[in-house]
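Worksheet for the structure shown next.
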Amino acid sequence: MDGVGLEAYLIVGAILFGCGFACLLVKRNAIAILMGVELLLNGANLNFLAFARFTSLGLDGQVIGLFVIVLAAAEAAVALAIALNFYNNHLSIDVDSAKELKD
Amino acid sequence: MLDALVEALKGSLSLVLPDIVLLATVAVVFFGAPFLTDERGRSEAGLRHRWSWLALAAVGFSGWLWYQSTPVEVGDGPFRLDGLAWFVRGLSLATLVVLLLVNWNQVPDGASAESIGSLLAIGAGVNLIAASNDLVYLFLALELVSIPTYLFLFLPRRDAAAQEATTKYFLLSAFSSGLVLFGMSYVFGVVGSTNLQVIGQALAAGQNGPLPMLLPVAAILLIAGLGFRITAVPFHFYAPDVFQGAGTSGAAMLSFVPKVAGFVALIRLLIPSGWMGPDAQTLANLTGPTVWWLAVITMFVGNLLAILQTDVRRLLAFSSIAHAGYMLVGFQIGRETHAGIDGIDALLFYLTVYGAMSLGAFAALIATSDESKRYETIDDLGGLSRTRPAVALLMTLFLFSMMGLPPTAGFLAKLNLFFAAWSQGTESGRWLAIFLAVNAAIAAWYYLRIIAAMYLREPAHAENRHQEPAASVAMACCALVVLGLFFAPDWLWRAISVVS
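Protein chains in written order, with the working numbering: chain A, 3 to 105; chain B, 1239 to 1738.
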């Protein structure tokens, strides 16, 4: 543990955030976009835990981490229901197949 | 030790009593609904009336509790009941009543319980955003608004357009939550506390922990994430599609409630309560001119693109983007005015008035549509003054208010923002005031186009006698607010003066 400092964790967190962001921009599959969102949330979570470990914050950060995990699960439950209905209508979860709404 | 903690928890629960009432009703509605629907999702006709009355009663009880409460000193617990929390709670309960009326006949009976439950949860979420005194609770309250919103958009209509709208809104809203959480994680780490009061004071005193260069990044992330909620350009692109595809009650809700949530969260996070002098460090002034540019771009893009629209819902979406720009002007001015009107007070005044006129306009759209067909384009509204004179008159009133013409409250709201920006005494503030005035003039063009269609054209549709009593009541309430606040603005100013 000695060799790894706060900055290293924050950099990994930022990389996860970057991956999630890239996922949202590049992927066209609704489930893959959802995974990108999870990466964003987990990048933030890693930050909370790293700050909790390396500063005097202690339990606070870990409790936030737990809350975020539960919340991500709740969000995924609603998301998958929406994705399933989307599939029923379009027979695909490619978000580009939805073209009803435009100027 | 444990006893003291339990006492503290009991003490903070009394601060959020009205929200607990709402959430308890949500639990009853969600739990009771499955017993009243069959396997195919149908239930007896008229069930939606009973659920709506129950929800109205719950909101009424919650409102009574709110009316009895008074702002108290901010402690170090998880919740607070300061002036802003008190004001926002009143505003959101009133909004809930109007939205329940607007939503009355928009959802099939089988899905009505879930729709009404989501609406109450959204209202409780808005209240909790204002009442939270802790980063964790603020984030959870933001999610309590956004997750039920997906359901609320999804339930009324199940066609392809509505589903596309919901999917789009869901993906972007989840993304924006991620941005907000990431920004919060940096604030938490650098300042070293989750308590909003402590964070504000530590920032003002310049006590930064490790890595203070992360703070501007955090502020930008928070503004970007909450910018989605208030539909600030460049985070606005989902709004027109979602407004067009979702049901009318969903669009009405989206035009106002996320704006309240976003602006209140922005005020909470970026402008700490308790004025600490113009030179105190806050997250807001760490970002430099970001909000200034956001306000200017949002006003111009919203108004210029609205001119091009032919679909009424898309037009109202761009108009709501433009109004977000006007409100950002107030946010940028902040509490820094030397004389005259405070920027945040002007923002809250505008927010209230915007709620009345925007919900009113959507209620008017619901009142005109019959069951088989909803009115989509401006041409559909042609000749409305002859087929439905009362609705056309009230719609005109709301559009006048959006333009900012007397005798409507929209005029006073714009005037307040203009004076707040002008009297700040800086060059950037003056430019904001000038851009605001220019945009008000541009906006008049597309609102007048709707009014002209309603009054000057031949009726586009045969006379329809379809009545929507609930939506009509909602429309009348909104009209009363829009007119009443022009003649008696003091009534609202007294409530706002509690905030600062």
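The beta-carbon is built from N, C-alpha and C at its ideal position, and this holds for glycine as well.
(message) If the criterion is Cβ atoms closer than 9 Å, does the pair B:ALA1400 and B:GLY1483 meet it?
(response) yes
(message) B:ILE1458 and B:GLY1500 - do their beta-carbons sit closer together than 9 Å?
(response) no
(message) DSSP three-state label for B:ASP1314, please.
(response) coil
(request) Tell me, please, which residues DSSP counts as bridged to B:THR1615. (result) B:ASP1549
(request) Provide the residue(s) that pair with B:ASN1183 in DSSP beta bridges, ordered along the chain. (result) Since the first and last residues shown for chain B are 1239 and 1738, residue 1183 of chain B lies out of range.
(request) Thinking B:LEU1260 and B:LEU1358 are a contact (beta carbons under 8 Å), I'd like their distance in whole angstroms, please. (result) 5 Å
(message) To the nearest angstrom, how far is the alpha carbon of B:ALA1602 from that of B:ALA1717?
(response) 11 Å
(message) Using a Cβ distance threshold of 8 Å, determine whether the region 1586-1605 of chain B contacts the region 1618-1637 of chain B, with at least three qualifying pairs required.
(response) yes
(request) Would you mind reading off the limits of the alpha helix (DSSP H) that contains B:ALA1698? (result) Counting along the chain, B:ALA1698 falls outside any alpha helix (DSSP H), and DSSP gives it neither H nor E.
(request) Quick one: which residues of the region 19-47 of chain A get their C-beta closer than 9 Å to a C-beta of chain B? List them in chain order. (result) PHE19, GLY22, PHE23, LEU26, ALA32, ILE35, LEU36, GLY38, VAL39, GLU40, LEU41, LEU42, LEU43, GLY45, ALA46 and ASN47
(request) With a floor of 4 residues, list each alpha helix (DSSP H) that falls wholly inside the region 1373-1445 of chain B, ordered by position along the chain. (result) 1373-1392, 1398-1425 and 1434-1442
(message) Can you confirm whether A:VAL70, when its beta carbon is compared against all beta carbons of chain B, has any partner nearer than 9 Å?
(response) yes
(message) Tell me which residues share the same chain as A:PHE56 and place their Cβ nearer than 8 Å to its Cβ, disregarding the 5 neighbours each side in the sequence.
(response) GLY7, LEU8 and TYR11
(message) Quick check on this structure: which residue in B:ALA1555, B:PRO1496 and B:PHE1656 has the alpha carbon closest to the alpha carbon of B:LEU1380?
(response) B:PRO1496
(request) With DSSP collapsed to three states, give me the class of A:ASP96. (result) strand
(request) Quick one: which residues of the region 58-84 of chain A get their C-beta closer than 8 Å to a C-beta of chain B? List them in chain order. (result) SER58, LEU59, ASP62, GLY63, VAL65, ILE66, PHE69, VAL70, LEU73, ALA76, GLU77, VAL80, ALA81 and ILE84
(request) With DSSP collapsed to three states, give me the class of A:ASN87. (result) helix
(message) I'd like to know if A:ALA10 contacts chain B, where contact means its C-beta is closer than 9 Å to some C-beta of that chain.
(response) no
(request) Would you please state the rounded distance, in angstroms, between the beta carbons of B:ALA1647 and B:VAL1567? I believe it to be under 8 Å. (result) Between B:VAL1567 and B:ALA1647 the Cβ distance is about 17 Å, and since that is not below 8 Å, they are no contact.
(message) Would you say B:SER1370 lies against chain A (beta-carbon separation less than 9 Å)?
(response) no
(message) For A:GLN64, which residues in the same chain have their Cβ closer than 8 Å to its Cβ, ignoring the five residues on either side in sequence?
(response) PHE50, LEU51 and ALA54
(message) Classify B:TRP1291: buried if its beta carbon has 16 or more other beta carbons within 10 angstroms, exposed otherwise.
(response) exposed
(request) Tell me where the alpha helix (DSSP H) around B:THR1634 begins and ends. (result) 1627-1641
(message) Helix, strand or coil, according to DSSP, for A:ASN49 in the structure here?
(response) helix
(message) Is there a C-beta anywhere in chain B that falls below 9 Å from the one on A:VAL97?
(response) yes
(message) Here's the rule: buried if 16 or more other CB atoms are within 10 angstroms of the residue's CB, otherwise exposed. What is A:LYS76?
(response) The amino acid at residue 76 of chain A is misidentified as Lys; the sequence shows Ala. A:ALA76 is exposed by the Cβ-count criterion.
(request) Could you confirm whether any beta carbon from chain A is found closer than 9 Å to the beta carbon of B:LYS1406? (result) yes
(message) What would DSSP say about B:ASN1343, mapped onto helix, strand or coil?
(response) coil
(message) Given a cut-off of 9 Å on the beta-carbon distance, is the pair B:LEU1670 and B:ILE1571 in contact?
(response) yes
(request) Tell whether a beta-carbon distance below 9 Å holds between B:VAL1267 and B:TRP1289. (result) yes
(message) For B:ARG1278 and B:SER1411, I'd like the C-alpha separation in whole angstroms.
(response) 30 Å
(message) Considering Cα atoms alone, identify which of B:LEU1253, B:LEU1419, B:TRP1324 and B:ASN1341 is closest to A:ASN44.
(response) B:LEU1419
(message) Looking at B:PHE1325: is its Cβ nearer than 9 Å to the Cβ of B:LEU1586?
(response) yes
(message) Rounded to whole angstroms, what is the Cα-Cα separation between B:VAL1297 and B:LEU1240?
(response) 34 Å
(request) Excluding the 5 residues preceding and the 5 following B:GLY1348 in the sequence, name in chain order all residues of the same chain whose CB lies nearer than 6 Å to its CB. (result) THR1275, GLY1279, ARG1280 and SER1281
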